[in-house]
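Residue numbers (this note's numbering): 117 to 264.
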């Protein structure tokens with residue numbers, strides 16, 4: 117499903133460009149925006165361009181929600197049946213799920229128990245800098261393409 121995205125934030129200013137975009141079409145914008153500086157700070161030393169989606173899920177899910185709307189989903193990451201972390205992805209307004217960071221996981225990692233969670237009004241509370249950086253990069257690229 118195509119969603120109209122109005123590029124609201126580019127360099128701190130309103131940009132009225134409109135882009136009709138699908139979740140799959142968003143993927144390359146995120147892949148080019150991810151970096152060690154946008155992943156969870158505790159994971160920065162392990163981040164590699166060979167697995168750019170690694171530890172980007174929370175910030176990515178928030179930005180996808182900013183662009184396409186819908187809800188956040190949180191699940192547990194298990195290795196060998198042991199809970200080792202959490203994973204975020206999105207449920208779009210029409211009900212489909214999209215996970216732009218699903219390819220980050222190793223074969224021994226399994227995501228279970230996904231459930232919809234409300235986005236807190238002041239989200240993100242943690243990792244604001246990483247979120248703002250990722251959001252700025254994605255929105256700037258979308259706005260540039262809308263003008264092209």
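Don't be surprised by glycine CBs; every beta carbon is placed ideally from N, CA and C.
Query: Simplified DSSP assignment, three categories, for residue 216; Result: coil
Query: Presumed contact (8 Å Cβ cut-off) between residue 254 and residue 179, rounded CB distance; Result: 6 Å
Query: 3-residue-minimum beta strand (DSSP E) runs that sit fully inside the region 123-208, ordered along the chain; Result: 134-137, 187-195, 198-207
Query: Boundaries (first-last residue) of the alpha helix (DSSP H) holding residue 245; Result: 244-263
Query: Chain-order list of residues whose beta-carbon lies under 6 Å from that of residue 215 (same chain, five-residue window excluded); Result: 205
Query: C-beta atoms of residue 203 and residue 155 nearer than 8 Å; Result: no
Query: Nearest-angstrom Cα separation, counted from residue 187 out to residue 234; Result: 7 Å
Query: Residue 170, buried or exposed, once every other Cβ within 10 Å from all chains shown has been counted against 16; Result: buried
Query: Own chain partners of residue 217 with C-beta closer than 6 Å, once the 5 adjacent residues on each side are dropped; Result: 169, 172, 173, 176
Query: Residue 226, DSSP secondary structure in three states; Result: strand
Query: At least 3 beta-carbon pairs within less than 8 Å: the region 143-161 vs the region 226-241; Result: no
Query: Residue nearest to residue 220 in terms of C-alpha spacing, selected from 208, 196, 162; Result: 162
Query: Close beta carbons around residue 244, own chain, < 8 Å, minus the five adjacent residues each side; Result: none
Query: With 16 other Cβ atoms within 10 Å as the buried cut-off, status of residue 241; Result: exposed
Query: DSSP state of residue 235 mapped onto helix, strand, coil; Result: coil
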